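For the sequence shown, the working numbering begins at 181 and goes up steadily by one.
Think of the CB as a built atom: it goes at the ideal place given N, C-alpha and C, for glycine as much as any other residue.
All values reported here derive from a predicted model rather than from experimental measurement.
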Amino acid sequence: MPPEPYKRFMELTKVYGPIFSFYLGRTPVIVLNNGKAAWDLLEKRGEIYSSRPRNIMGQEIMSRDNWGLGMHYGDRWRRWRKWQHMCMNAKYARNYRPFQTYESSVLLRDVMNGPQTYKKHFERFATSLTFSVAYGSRIKSLNDPLLKENRTAGSAFAATMVPGKYLVESWPWLLWLPKPLQWFRNPMEERGAMNTALYTRLFRDVKAKMDVGSAKPCISMLLWEEGPSPDLTEVEMAYFTAMPFAAGTTTTFGSLELFVLASILHPHCVVKAQSELDTVVGRSRMPSFDDESSLPYVRAMIKEAMRWQVVAPTGLAHATTADDEYEGFHIPKGATVWGNINAISHDPELFDEPDVFTPERFLNATHPRLVDFDLPFGFGRRICPGRAVAEQALFIVIARMLWAFDFSPAIDDAGRPLLPNPNAATSNVTRRPDVFPCALKPRSEDIAAMIVDEAQRAEEALREWE
Numbered sequence: 181m182p183p184e185p186y187k188r189f190m191e192l193t194k195v196y197g198p199i200f201s202f203y204l205g206r207t208p209v210i211v212l213n214n215g216k217a218a219w220d221l222l223e224k225r226g227e228i229y230s231s232r233p234r235n236i237m238g239q240e241i242m243s244r245d246n247w248g249l250g251m252h253y254g255d256r257w258r259r260w261r262k263w264q265h266m267c268m269n270a271k272y273a274r275n276y277r278p279f280q281t282y283e284s285s286v287l288l289r290d291v292m293n294g295p296q297t298y299k300k301h302f303e304r305f306a307t308s309l310t311f312s313v314a315y316g317s318r319i320k321s322l323n324d325p326l327l328k329e330n331r332t333a334g335s336a337f338a339a340t341m342v343p344g345k346y347l348v349e350s351w352p353w354l355l356w357l358p359k360p361l362q363w364f365r366n367p368m369e370e371r372g373a374m375n376t377a378l379y380t381r382l383f384r385d386v387k388a389k390m391d392v393g394s395a396k397p398c399i400s401m402l403l404w405e406e407g408p409s410p411d412l413t414e415v416e417m418a419y420f421t422a423m424p425f426a427a428g429t430t431t432t433f434g435s436l437e438l439f440v441l442a443s444i445l446h447p448h449c450v451v452k453a454q455s456e457l458d459t460v461v462g463r464s465r466m467p468s469f470d471d472e473s474s475l476p477y478v479r480a481m482i483k484e485a486m487r488w489q490v491v492a493p494t495g496l497a498h499a500t501t502a503d504d505e506y507e508g509f510h511i512p513k514g515a516t517v518w519g520n521i522n523a524i525s526h527d528p529e530l531f532d533e534p535d536v537f538t539p540e541r542f543l544n545a546t547h548p549r550l551v552d553f554d555l556p557f558g559f560g561r562r563i564c565p566g567r568a569v570a571e572q573a574l575f576i577v578i579a580r581m582l583w584a585f586d587f588s589p590a591i592d593d594a595g596r597p598l599l600p601n602p603n604a605a606t607s608n609v610t611r612r613p614d615v616f617p618c619a620l621k622p623r624s625e626d627i628a629a630m631i632v633d634e635a636q637r638a639e640e641a642l643r644e645w646e
């Protein structure tokens, strides 16, 4: 498999149609490239299609089956999912809104002062957000040594989820070799021990804050109130807690980068969004969550950005727990099944002119899949449990950026615009556009002054999370 499987999937889709299959080692792989097939199987037949493919390197050796994302479907995974849902459902996610609001104010100031380093500002914001969800604390700087540890841990596990990367995934009989001859095992076991030590330390830090009454609402706090117990060990709780921080950061800041890319390339959409913001919000204050229901075009633009350039093009693979039949295809037990989100997002039967950036397609939409546009977050019982938290973060940041800035491409020495290439990107599990120069300038001097003032007030409020 290539390092960017979604590109190869798209090529094969053009040749073989909406459903095709191949073998990876001895494992059959089925790729679903239209919405009907993906929703019919991954949602309507969730009892069969909600497991994960075997991940020897990451799930079994590195994490000792403690990562919820890679767990097989069963009682243990249901317990993990229950905790994730409890801490990140739409109702509980409202507890995170004050933090998201404050951090978005800081982000605006950082972008204004350093627009060419926008990627770093988005990464810090997303990292602080996911850390607060997991541990009730913020991240002030990307220089925090904790981030280096987490990046290394997350990157190591993400690499194990790229199909075909490790020989043992295709030929698991290598596990029959005596352990000293399993050349692939030691580095993963060592990395796993370091991950466990990191997550356990962070988890215990929250308990110390709870003991003195300074802990903020977060997954760790809720878990400490319930355990540990014989059915839920401290290590399990530490891994349950770490998931947003370890796995949710890249998708959040990647989505913000893709939004800026879309805004640079489609200025007419920015003008429409700013007109709506000026009418609803005005220019004497920043948008807030209270404005969300009154900003349909802004919401539509966010959805379209997520559809136009998908941050997780193939999502994560599912696996079958029983034999099945679908439209003449036999799908065996143990097969790997990919819901190709990128292909579905560009399916002309679902999206008219799919390669054109058109937020209007989500205005007054009647198709249930467009009204509740959850496609970018996956399918069925394996849909991203942090969806509500992520959607809140994207709304408050994007609404405020549209309200605050004019989006323009950078200009070369000859005065010509340097338009970014929308197809220039790197990806493995997630997709990020390559760095592109841009000009993000405050829409007025009054707005610039307000950004500075709001950021200062936000920094003072955020001391509660330090």
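- Collapsing the DSSP output to three states places residue 354 in a helix.
- The Cβ-Cβ distance between residue 512 and residue 261 does not fall below 8 Å.
- The stretch 203 to 238 is shown to contain whole beta strand (DSSP E) runs of 3 or more residues at 207 to 212, in chain order.
- Look at residue 560 here: in three-state DSSP terms it is helix.
- The continuous alpha helix (DSSP H) containing residue 265 extends over residues 255 to 268.
- In terms of Cβ geometry, residue 631 and residue 573 do not form a close pair [threshold 8 Å].
- Here the alpha carbons of residue 433 and residue 293 stand approximately 18 Å from one another.
- Leaving aside the five residues that flank residue 368 on each side, the residues in its chain whose CB is nearer than 6 Å to its CB run, in chain order, 237, 241, 242.
- In the structure shown, residue 416 falls within a helical segment according to DSSP collapsed to helix, strand and coil.
- Residue burial is scored here from C-beta neighbours: residue 325 has fewer than 16 other C-beta atoms within 10 angstroms and is therefore classed as exposed.
- Nearest Cα to residue 200 within the set 516, 528, 462: 516.
- In this structure the stretch 596 to 605 does not touch the stretch 465 to 476; the number of beta carbon pairs closer than 8 Å is below three.
- With contact defined as three or more Cβ pairs closer than 8 Å, the stretch 248 to 258 and the stretch 535 to 542 are not in contact.
- Where residue 511 is concerned, there is no enclosing alpha helix (DSSP H), although the beta strand (DSSP E) around it starts and stops at 509 to 511.
- For residue 578, the enclosing alpha helix (DSSP H) stretches over residues 567 to 584.
- Per DSSP, reduced to three states, the secondary structure at residue 465 is coil, with no helix or strand assignment.
- For residue 488, the enclosing alpha helix (DSSP H) begins and ends at 476 to 488.
- Here the stretch 388 to 402 makes no contact with the stretch 211 to 221; the two share fewer than three CB pairs at distances below 8 Å.
- Cβ atoms of residue 193 and residue 523 come within 8 Å of each other, at about 5 Å.
- Spanning the alpha carbons of residue 401 and residue 374 requires a straight line of approximately 23 Å.
- Around the beta carbon of residue 455, fewer than 16 other beta carbons sit within 10 angstroms, so the residue counts as exposed.
- At a Cβ-Cβ threshold of 8 Å, residue 266 and residue 313 do not count as neighbours.
- One thing to note: residue 376 has its Cβ no nearer than 8 Å to the Cβ of residue 348.
- By the criterion of at least three beta-carbon pairs nearer than 8 Å, the stretch 447 to 461 is in contact with the stretch 576 to 593.
- Inclusion of residue 330 and residue 425 in the CB contact set at 8 Å is warranted, their separation being smaller than that value.
- Less than 8 Å separates the beta-carbon of residue 279 from that of residue 645.
- Residue 408: not part of any beta strand (DSSP E); DSSP gives it neither H nor E.
- A distance below 7 Å between beta-carbons, with the five flanking residues on each side excluded, links residue 612 to the following residues of its chain, in chain order: 434, 437, 605, 606.
- In summary, residue 215 is buried, with 16 or more beta-carbon neighbours lying within 10 Å of its beta-carbon over all protein chains present.
- A direct Cα-Cα distance of roughly 24 Å separates residue 366 from residue 609.
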